[in-house]
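Novice: Count along the sequence shown from 1, then add 73; that gives the number in our numbering.
First, the structure itself, so that you have it in front of you.
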Amino acid sequence: WDYANPGYLDALKHITDLKEEGKIKTVALTNFDTDRLQIILENGIPIVSNQVQHSIVDMRPQRRMAELCQLTGVKLITYGTVMGGLLSEKFLDTNVSIPFAGPPLNTPSLQKYKRMVDAWGGWSLFQALLQTLKKVSLKHGVSISTVAVRYILNQTSVAGSMVGVRLGLSEHIKDTNAIFSLELDEEDMNSITEASNKGRNLMDIIGDCGDEYRA
Numbered sequence: 074w075d076y077a078n079p080g081y082l083d084a085l086k087h088i089t090d091l092k093e094e095g096k097i098k099t100v101a102l103t104n105f106d107t108d109r110l111q112i113i114l115e116n117g118i119p120i121v122s123n124q125v126q127h128s129i130v131d132m133r134p135q136r137r138m139a140e141l142c143q144l145t146g147v148k149l150i151t152y153g154t155v156m157g158g159l160l161s162e163k164f165l166d167t168n169v170s171i172p173f174a175g176p177p178l179n180t181p182s183l184q185k186y187k188r189m190v191d192a193w194g195g196w197s198l199f200q201a202l203l204q205t206l207k208k209v210s211l212k213h214g215v216s217i218s219t220v221a222v223r224y225i226l227n228q229t230s231v232a233g234s235m236v237g238v239r240l241g242l243s244e245h246i247k248d249t250n251a252i253f254s255l256e257l258d259e260e261d262m263n264s265i266t267e268a269s270n271k272g273r274n275l276m277d278i279i280g281d282c283g284d285e286y287r288a
């Protein structure tokens with residue numbers, strides 16, 4: 074939504090009317106930033122969640138939005154949590170900058186999240202992050218992707234994470250189910266946080282949640 078057009082408030086008020094009439098159950102957002110979320114809440118619109126991009130590389134939701142969510146009860150639903158598959162064994166010990174040297178970045182999703190990696194700190198630093206995740210994954214007998222999702226689910230105000238699936242591919246079902254039983258201890262969380270913090274703060278580069286779509 075173009076924030077220069079305040080019509081989003083009118084639209085949300087209409088949706089709230091539909092909720093009060095019993096025609097819809099809840100009102101939620103996608104990719105609204107912290108300032109607009111606060112304005113929406115101040116206008117009495119009962120938001121239950123905001124769907125935002127959130128991963129170990131992209132920790133922007135924890136910079137400002139999570140605090141507002143904690144104060145107001147709004148929950149975060151995350152996407153991009155495994156970065157289109159970049160946060161996996163498939164990309165460990167690879168160099169995608171060399172043609173044919175590693176797995177191809179052959180989907181729009183992979184290309185998008187590779188740009189996030191570049192903004193965060195580059196492929197070499199990303200490899201160090203994958204090494205940290207691999208160490209944790211071996212400790213618990215799970216995959217890198219499972220650790221990546223569990224770490225984000227442990228963050229403030231995160232209520233759920235959407236994990237993409239593709240028709241005909243079922244090999245990730247085990248990894249996804251393992252998320253619910255995985256318990257990361259303090260040492261795990263601290264080591265992942267340390268690796269994440271070695272990169273740049275994407276709030277300073279991209280802006281708040283959803284700003285990448287409004288540049």
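Think of the CB as a built atom: it goes at the ideal place given N, C-alpha and C, for glycine as much as any other residue.
Here the structure is a predicted model, which means the values were calculated and not measured.
Check for me: the alpha helix (DSSP H) holding residue 126 runs from which residue to which?
Specialist: Note, residue 126: premise wrong, no alpha helix (DSSP H); beta strand (DSSP E) at 120-126.
Novice: Hey, which unbroken runs of the alpha helix (DSSP H) at 4 residues or more fall wholly within the segment 138-190?
Specialist: 138-145
Novice: By a C-beta neighbour count over all protein chains shown, 10 Å radius and 16 as the cutoff for buried, is residue 248 buried or exposed?
Specialist: Using a 10 angstroms sphere on the CB of residue 248, the tally of other CB atoms reaches 16 or more, which defines it as buried.
Novice: Short of 6 Å in beta carbon distance, which residues of its chain neighbour residue 162, apart from the five on each side in sequence? Order them along the chain.
Specialist: 217
Novice: Rounded to whole angstroms, how far is the Cβ of residue 141 from the Cβ of residue 110, which I believe are closer than 8 Å?
Specialist: 6 Å
Novice: DSSP state of residue 255, grouped into three classes?
Specialist: DSSP places residue 255 in coil when its eight states are reduced to three.
Novice: How far does the beta strand (DSSP E) with residue 233 in it extend, from its first residue to its last?
Specialist: 231-234
Novice: When we look at the beta-carbon of residue 219 and count the other beta-carbons within 10 Å, is it buried (16 or more) or exposed?
Specialist: buried
Novice: Which of the three DSSP states, helix, strand or coil, is assigned to residue 100?
Specialist: Residue 100: strand per DSSP, three-state reduction.
Novice: Find the nearest neighbour of residue 271 within the set 197, 122, 91, judged by alpha-carbon distance.
Specialist: 197
Novice: Can you tell which of 170, 209, 236 has the C-alpha that lies nearest to the C-alpha of residue 258?
Specialist: 209
Novice: Which two residues bound the contiguous alpha helix (DSSP H) that contains residue 90?
Specialist: 80-93
Novice: Using 8 Å as the threshold, is the C-beta distance between residue 147 and residue 118 below it?
Specialist: It is not a contact, given that the beta carbons lie outside the stated cut-off.
Novice: For residue 213, which of helix, strand or coil comes out of DSSP?
Specialist: Reduced to three states, the DSSP call for residue 213 is helix.
Novice: Indicate whether residue 202 and residue 129 have their beta-carbon atoms separated by less than 8 Å.
Specialist: Contact flag set, yes.
Novice: I need the DSSP call for residue 74, collapsed to helix, strand or coil.
Specialist: coil
Novice: Just to confirm my understanding: we take residue 165, look at its own chain, exclude 5 residues before and 5 after, and list those with CB closer than 8 Å. What are they?
Specialist: 200, 203, 204, 207, 217
Novice: Helix, strand or coil: which one does DSSP assign to residue 271?
Specialist: Of the three classes helix, strand and coil, the one that applies to residue 271 here is coil, per DSSP.
Novice: Can you give me the Cβ contacts of residue 225 inside the same chain, cut-off strictly under 8 Å, excluding the 5 residues immediately before and after it?
Specialist: Excluding sequence neighbours, residue 225 sits near 127, 128, 129, 151, 154, 231, 234.
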